[in-house]
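Residue numbers (the working numbering), protein chains in the order written: chain A, 253 to 590; chain B, 29 to 1224. Presented below is the structure to which this report refers.
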């Protein structure tokens, strides 16, 4: 059985690539993922904003603790000096993963400033990342900002970075574009080597006791994978030299198979790994193999795109919006007399 | 001799260095000023730093000093080398075990930062009261006088204890030595190894308890042999002085530094000799040297070994020409015929004469000096030597104070100053938070470690935590510096003022000498800044020819991305103009230091520090001083003219920083001070003040509730009173049917007392729909609001308090109309504890007796110069005392017993006198329902009537009844303290007091660390939190104090967090107080030790609750009577990941940097723990309860 796939120009032994999650913070857990069959690993995101905040926080609360109060003096937290802040811990982690793993390691970057993207992108490349995923986490909350400005922001970041680094770049996108397909196409034109569909955002929640906002993030469910499935099916085979990664809601081998059938080059796992541990990779891989065997597929290449928009008799089904489906489910089958 | 390594460090670090190197088990407990020794040890072990034997000592924090010394005793008996560190009352807690350790001839060194004892008041500062209480324990007492000696003597003591088997108490003066930074020769590991005889270590192990070679110690002995057994140790004590001197000689061979048990300096033919031990030797040596150089026949005996006291060595050290001796003790033993060392010296000399070793007895006088780090200067030493020269010298004198009561004090001439040899003296005035002290420590390091110069730094800190002021005293010079006193008047060649507001507060230029340089941080441009100086300061500048420089450090900090951190900028100025180092070299050194600190922390930090340094040089300007004064203003008086007399005479002097000038006669003799004095100490430290928007406000009362300093208040008043209000005074029609129709409400801020923390704005739930940035409270720059709010506040104070019997405390809005009787404390900006204390005083303050454990709450509650507990218009208010740290629950119980006893007595007398008083009144008094404010009010009226009546009752019982009848009014006893008290050192007492069933309320202000002593771990510290004594993160879960208290079943228990659910907090306070048995309120109190900006105080409480870290609940035993489950959970299941809570506080997140694997492991365990803990509480809350057959035990 040939499970190999090509992704961002990298040859992968299979299409399972754990996506950015805290698991990659630990070399041990990353090693477990590799042992369980992961074909590559995307590191947790390096958040520029978080780095800046972290550096400032550590600076303020560890280096500047002077109180002037006699019993406390110059520190109330232990006066640790010998540790790193900024990007250094991430880079150290990246180097350690490269050292420990045989599979490709893809760094993930989330920036806020143009200079931040370029500076950190270079650092990650130098530290040995095989590819870079850009996680452009942007909520277009400014209602005066038209969609094309938001889109241009993405493209500008991509172009700038493409000019500064040589490793492949993958764009992790949210579904919040008015024309997702067109956006992906423009990404490809601007130099993206692949896209991951789709990002999930923290959503703020309201605490009804304190009337304050609080962040919330609920683990994904398989139902969410259908969103990526639709768009991958639509995009499959339409844009040259662009890898398609599916992310969000892939919990089972069945979910993974659907996305491969839709046309994904790789499927990314996250919530299921956090919930079930690294071994879930192996469970899903075995499930895919079993399914391929049952269905008589020899290779992932055979499977890929079998149920994409290009391959189905009625591609319009992928374009139907929800209410049409509902009406459609109640329509009668054509061969029955009424 | 090994290669010299010169280092700059303080006394605590010097002692800890040797202690960590030469021990295997280190038992620690926090106490100022000794805590840093434990902190260093913990940090070094968590970094894997090894001792002489290649292993990291096991550092364990205990629940008290008694626990520390007991585990040390065990470790020693088990064959380990073991040590501990302590001070003050902590040392006293060790005394019982110290007798055991010494009685068993166990080698160990106990390092003590000697500190005053709590007597008429607590004091954290240095003297020998604590160690002197140990002189009968059998410990050798060995005293260091400076930082080099501390390191050397720590090692000598370790070597000598192993050889002599006598345990050592090695002590040095708290703060003056423990916290002084100085340049010393660090003992190399080889030298330490050479001093420790391995065969003696083995011998110690061989004497240990070991089941392979069992022994029995600790037997119980009877009259037949105990006495003889006690006498067996004599040879060990007899040998000790010789052993110690031999070890001193051995160290001398290794290092070149020769010490003596009694060391003489001065004229070889001295007739007058002064004797003392400790840091005062530094000042004494300078004085004696100066006088001897001038030809006076004076000398000094430096005492190093105090126990065993060796007359033979003393005699050997004393010049044969000695005719008169003055012995100085740094302690006070009331009622004794002199202080301990004086008595020992007299005895030793008298014995020597008796035994024929001395022909005639010199005349000896004794005196006290330096209690609680009181300044001790060469001028005072001269006064002592002058006194002893007199024919009839004063004996049992004091020096350093003005004693106009017993007339013990000696006068001294402050102008006597030893000639400084090339020493440059510099004084810096800063705010605690502006980093002045850190920057100065850094400067000393630069000068002392990068140049051949020596450097000394001593730092005066504040007892206030918000807006604390520091004064740094730095000396530099070519020779070692042992001037163990502050830089005095006309001595400093450099004076820096890091805060422009200090110009009108402190007389900084008194310290400046002729031709000195004055550096001022001020936003006023150089050409105008002259006019900012008060007239007297201008005159000083002119008289002394002072060069004045000005820099706008805050502007440079802002522009270079440093925010409000001005330390690097001011440090650069110091180096640029003080001339201590060539300017370019100095700047290069500062940059090197910055690089060392921030090299691994990101380029941005480095860049902006460098930018700030460069911008500083461009922004520093010399002020062209005009030839004459131009100002017509002086420093304003420190307390208002209408302040009470005591404040005018006494407190104002303390506030002005001139407390040293107050004579004994002005001190209350029993430690009783007036309450309600913070209102007169107007500090005006806020940068921003809140402004109330009366049109938006819904009058919910949340802002006064959360205010840590009681600086925003609510009052309801009749509309007509507003007619005389200042024009800007804001008020609105009071909402709700509970108040009269035509009444107005105001929410007024106290502009001089607000610290600008912004919590009131943070909590305000109301936003303007049209402009959501506008809340019903908004922070505005203080300069815009201060002068407007000041008359408003004065007017507010004049408004009458609303009748509290008409208020319903269950409603926050109502409760916040009650006057807080705890106001304007010195607690930190945004303090998480004080809102609870304040709430209690609002609800119950007029009937509160408070026993307060030592800690933050006793410091902001009772530290001079001014104290925050105050009174209502009738003069009632909380009455407050701090007994100790460990005994507070029992102390509070005692208060309860006292008021109950007096209540009982009054009841009995009422019955006896019923006929004379009138049965209606007696019935009313005996059967009063005091469960409501109205009920209490009525009882007070009855008591007033009773008092009136008793004046005419002729019976012996009438006098008794009159003296106790006030206790017929409900008394609310509150026992207050932090988690260090309730979870650790005081837990035994807490547990016992809860078991008594008596009506007391325990208020546990849980910051999850020992906040006041600097953030050490307690049993309340959560897993994975980094704290001092837990530098590698606490590996165990937080103790569940609530569950332990609930196990009694008759204790009211609540866990609250006002920032998460204020209604529950208020309800719990009312229920606890109304419960007629013991109550415990465990209050989540965010603290600066959590590593979070305290403006997020409320958010952190919310996160603590939502993450499951701090479930809210109330356990009310009264429900059991009704057959209900007593436990009610007030918070929902954990709704946010524990990770998110941890990520928001540096105490947790720093562990990801230092110990990432542990951090992750702790997180997982803690996540599971909070979930299972919640489930457990939930299950308990849903258990079915049967109606109790036995009523709950009640106190009365």
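All C-beta atoms in this analysis are idealised placements derived from N, C-alpha and C, irrespective of residue type, glycine included.
Under the Cβ distance rule, residue 325(B) does not count among the residues neighbouring chain A, no pair being separated by less than 7 Å. Look at residue 1006(B) here: in three-state DSSP terms it is strand. The way I'd put it, the stretch 607-619 of chain B doesn't touch the stretch 566-582 of chain B; fewer than three beta-carbon pairs between them come closer than 8 Å. Ranking 355(A), 504(A) and 511(A) by CA distance to the CA of residue 498(A) puts 511(A) first. Legend: CB atoms of the stretch 311-332 of chain A lying less than 9 Å from CB atoms of chain B belong to residues 311, 312, 313, 314, 315, 316, 317, 318, 319, 320, 321, 322, 323, 324, 325, 326, 327, 328, 329, 330, 331 and 332. Under the Cβ distance rule, residue 453(A) does not count among the residues neighbouring chain B, no pair being separated by less than 7 Å. By the Cβ neighbour-count rule, residue 453(A) is exposed, with fewer than 16 other Cβ atoms within 10 Å of its own. Interface annotation, residue 257(A): not in contact with chain B, CB-CB separation never under 7 Å.
The Cβ-Cβ distance between residue 1003(B) and residue 1030(B) falls below 7 Å. It is roughly 14 Å from the alpha-carbon of residue 423(A) to the alpha-carbon of residue 429(A). Secondary structure of residue 422(B) (DSSP, three-state): coil.
Only residues of its own chain outside the window of five on either side were considered, and among them 257, 291 and 292 have a CB closer than 6 Å to the CB of residue 264(A), listed in chain order. Residue range 53-56 is occupied by the beta strand (DSSP E) that includes residue 53(B), with no alpha helix (DSSP H) assigned at that position. A contact between stretches requires three or more CB pairs, one per stretch, nearer than 8 Å, and the stretch 1075-1084 of chain B meets this requirement with the stretch 1126-1144 of chain B. DSSP, read as helix, strand or coil, puts residue 270(A) in strand. Beta bridge pairing from DSSP links residue 291(B) with 330(B). Less than 7 Å divides the Cβ of residue 1128(B) from the Cβ of residue 1120(B). Taking a cut-off of 8 Å on C-beta distances, the stretch 478-489 of chain A touches the stretch 438-451 of chain A, as three or more cross pairs fall below it.
Against residue 335(A), the close residues of chain B are 628, 629, 1178, 1181 and 1182, in the order they occur along the chain (beta-carbon pairs closer than 9 Å). A distance below 7 Å between beta-carbons, with the five flanking residues on each side excluded, links residue 1049(B) to the following residues of its chain, in chain order: 1036, 1037, 1055, 1058, 1062 and 1066.
Below 8 Å, enough C-beta pairs join the stretch 730-741 of chain B and the stretch 846-860 of chain B to call them touching: three or more. The beta carbon of residue 793(B) sits closer than 7 Å to some beta carbon of chain A. Under the 7 Å criterion on CB atoms, residue 489(B) is classed as interfacial with respect to chain A.
Taken in chain order, the complete alpha helix (DSSP H) segments of 4 residues or longer contained in the stretch 581-661 of chain B are 581-587, 595-606, 611-626 and 631-647.
Here residue 385(A) is near residue 358(A), since their CB atoms are less than 7 Å apart. Residue 497(A) is outside the set of residues whose beta carbon lies under 7 Å from a beta carbon in chain B. Residue pairing for residue 212(B): DSSP places it in a beta bridge opposite 35(B). Linking residue 787(B) to residue 1123(B) through their CA atoms gives a straight-line distance of about 6 Å. Residue nearest to residue 1212(B) within the set 1173(B), 1013(B), 1195(B) and 1155(B) is 1155(B) (criterion: CA-CA distance). Residue 774(B) is bridged by DSSP to 743(B). The beta carbon of residue 203(B) is closer than 6 Å to those of 61, 153, 154 and 401 in its chain, skipping five residues each way along the sequence. When the Cα atoms are used, residue 1125(B) and residue 1086(B) turn out to be separated by approximately 10 Å.
Short of 8 Å from the beta carbon of residue 105(B), and not among the five residues preceding or following it, lie these beta carbons of its own chain, in chain order: 132, 134, 236, 237 and 245.
No Cβ-Cβ contact shorter than 7 Å links residue 526(B) with residue 510(B). Taking C-alpha positions only, residue 375(B) is separated from residue 273(B) by approximately 22 Å. The beta carbons of residue 300(A) and residue 368(A) sit closer together than 7 Å.
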